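Chemist: Sharing a structure, written as structure tokens. Questions coming.
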Amino acid sequence: MFIPLHDGVPMRFVRAPFVTRAILAACILVHLAIVSGLLPLDVTWIYAGLGLIPSVLLGTEALPDGLPLVPAPLTLATSLFLHATWLHLVGNMLFLWVFGDNVEDALGHGRFLLFYVLCGIGAGLAHALLDPGSIHPLIGASGAVSGVVAAYVMLHPRVQVWGLFLKGIPLRLRASWAISVWVLFQIGAAFLGGDESVGWFAHLGGLGVGAALILVMRRPGVLLFGRA
8 MFIPLHDGVP
18 MRFVRAPFVT
28 RAILAACILV
38 HLAIVSGLLP
48 LDVTWIYAGL
58 GLIPSVLLGT
68 EALPDGLPLV
78 PAPLTLATSL
88 FLHATWLHLV
98 GNMLFLWVFG
108 DNVEDALGHG
118 RFLLFYVLCG
128 IGAGLAHALL
138 DPGSIHPLIG
148 ASGAVSGVVA
158 AYVMLHPRVQ
168 VWGLFLKGIP
178 LRLRASWAIS
188 VWVLFQIGAA
198 FLGGDESVGW
208 FAHLGGLGVG
218 AALILVMRRP
228 GVLLFGRA
């Protein structure tokens, strides 16, 4: 397992990663609102109403009256801002904090926001199409964040990243090595039966969409694979 902590890659084009920070803030505020009981809805009702349920999205199942809280296609986006626990939230936000700023720098603010949402939508669709009968809500930013990770490693594969490995061992490794281990773990868990509560195929879908989009959405002159 790999938890990123710091990479130290400087910004080249933007003063600050405003979109990355806004997404972080939105996810944290939404989770605070849910766990503190500020919202007038039960937690399970919120997850069912705003989470992505494959069978509902694909029209093979229907929810009780009043659900979903938004049209089913919109849950591809709303699900990205919901998290089950603080650990779930912190894990996703650490990946976004470490890798999101440099991807936003390479794309620009507006294109990064579009990139993030498209990665999340692609991740959700991959999950739904590969598990179409599921009645369980998929929540979390991990699909979109996986797209950010894919873009980052294509931009900066040689960068040394500080992270926690295995059971919390601090190491500094090349991004390409650290992220490759993380990707192999996602693939193994998806195809060999990992924790069923985790959307492994959403992670893989986000990785694929992010890798494809960075090819066409990066700024002119931004090179891939660490080339100067």
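Sequential numbering from 8 applies to the sequence shown in this note's numbering. We put the CB at the ideal spot given by N, CA and C, even for glycine. Values in this document were obtained by computation on a predicted structure and should not be read as measured data.
Does the segment 163–172 come close enough to the segment 118–126 that 3 or more CB-CB pairs lie under 8 Å?
Modeler: With the cut-off at 8 Å, the segment 118–126 and the segment 163–172 do not touch.
Chemist: Could you pull the DSSP bridge partners for LEU121 from this structure?
Modeler: LEU121 is not bridged to any residue.
Chemist: Using only CA atoms, which one of LEU65, HIS163, GLY147 and VAL229 lies nearest to GLY98?
Modeler: GLY98 has its Cα closest to that of GLY147, out of LEU65, HIS163, GLY147 and VAL229.
Chemist: The alpha helix (DSSP H) spanning ILE35 covers which residue range?
Modeler: Counting along the chain, the alpha helix (DSSP H) containing ILE35 begins and ends at 25–42.
Chemist: So which of GLY217, ARG225, PHE208 and LEU36 has the shortest CA-CA distance to LEU132?
Modeler: Of the listed residues, the one whose Cα sits closest to LEU132 is PHE208.
Chemist: Taking GLY107 and THR27 to be in contact with their CB atoms under 8 Å, please state how far apart those CB atoms are, rounded to whole angstroms.
Modeler: The Cβ separation is near 4 Å, so the contact holds.
Chemist: Which residues mark the beginning and the end of the beta strand (DSSP E) in which HIS13 is found?
Modeler: Start and end: 9–13.
Chemist: Starting from PRO17, follow its DSSP beta bridges and name the residues at the other end.
Modeler: DSSP lists no partner for PRO17.
Chemist: Between SER86 and GLY58, is the Cβ-Cβ spacing less than 8 Å?
Modeler: Cβ atoms of SER86 and GLY58: closer than 8 Å.
Chemist: Fully enclosed by the segment 175–206, which alpha helix (DSSP H) runs are 4 residues long or longer?
Modeler: Listed in chain order, they are 182–199.
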